[in-house]
Amino acid sequence: MFFSCNDSFKQVQKIGISENEPIGVEFNSNIKYTDSGRVSANLISAKMLDYSNRDFPFYQFIDGVTLYVYDKENKKSTVVADNAFVYNNTDLIDMQDNVVITTHDNRVLKTDQLFYDQRKEWFSTNKAVSFKTDQDIINGNGFDSNSKFTNAEVLEVTGIITLED
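Just add 655 to the spot in the sequence shown (first one is 1) and you have the numbering used here.
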């Protein structure tokens, strides 16, 4: 008879859990992200699935998600989407399906997918976008901007509609 000692806690945690199933489900999530004591983002969702049992752990937010992003002057921009994935190892939030950003100065971006890099405080996508400013509606394929939207740029512009007052 042979015995061995090892740290099998992670294996014990996985007993009875399919690798394709979440390890937990949470309702009415309200998660705040801070940077040097300042709230930089706030994610709110009706339902969260916890896949932290995977090799590349993530959380999936379904049934609607709202992300408030605050710049250093505490100006708030709002991102809403049908779904989101948060990858804690990379500080990346992947918002998907009917994504709409409303900036603190009422510019509006619409797309099907948008990434938010929490470390760099940067938004980006390579999907089709429509970006409404005070003067124009700009359509294109891709978007890049910091969280202040001071350098928002539509990439591969396919059309611009100038608005009249």
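All C-beta atoms in this analysis are idealised placements derived from N, C-alpha and C, irrespective of residue type, glycine included.
Own chain residues within Cβ distance below 6 Å of residue i, not counting five before or after
{"i": "E681", "result": "M703"}
{"i": "I717", "result": "K702, N738"}
Beta-carbon spacing of residue i, residue j below 8 Å
{"i": "F804", "j": "S700", "result": "no"}
{"i": "D799", "j": "I815", "result": "no"}
{"i": "L764", "j": "M750", "result": "no"}
{"i": "G797", "j": "N781", "result": "yes"}
{"i": "V735", "j": "T758", "result": "no"}
{"i": "Q773", "j": "I748", "result": "yes"}
{"i": "P712", "j": "N744", "result": "yes"}
{"i": "G719", "j": "D737", "result": "yes"}
Rounded C-alpha distance that separates residue i from residue j
{"i": "E808", "j": "D760", "result": "16 Å"}
{"i": "D854", "j": "V784", "result": "The chain is shown only over 656 to 820; residue 854 falls outside these bounds and no answer can be derived."}
{"i": "N697", "j": "T689", "result": "9 Å"}
{"i": "S707", "j": "A739", "result": "15 Å"}
{"i": "Y742", "j": "R709", "result": "11 Å"}
{"i": "V755", "j": "N683", "result": "21 Å"}
Delimiting residues of the beta strand (DSSP E) encompassing residue i
{"i": "D799", "result": "791-801"}
{"i": "D772", "result": "763-772"}
{"i": "F778", "result": "777-787"}
Close Cβ partners of residue i (< 7 Å) along its chain, the five nearest in sequence each way excluded
{"i": "N801", "result": "E776, W777"}
{"i": "K687", "result": "V694, N697"}
Entirely enclosed beta strand (DSSP E) segments - the region 675-754, minimum 3 residues | Runs found: 679-690, 693-706, 713-725, 731-736, 738-742.
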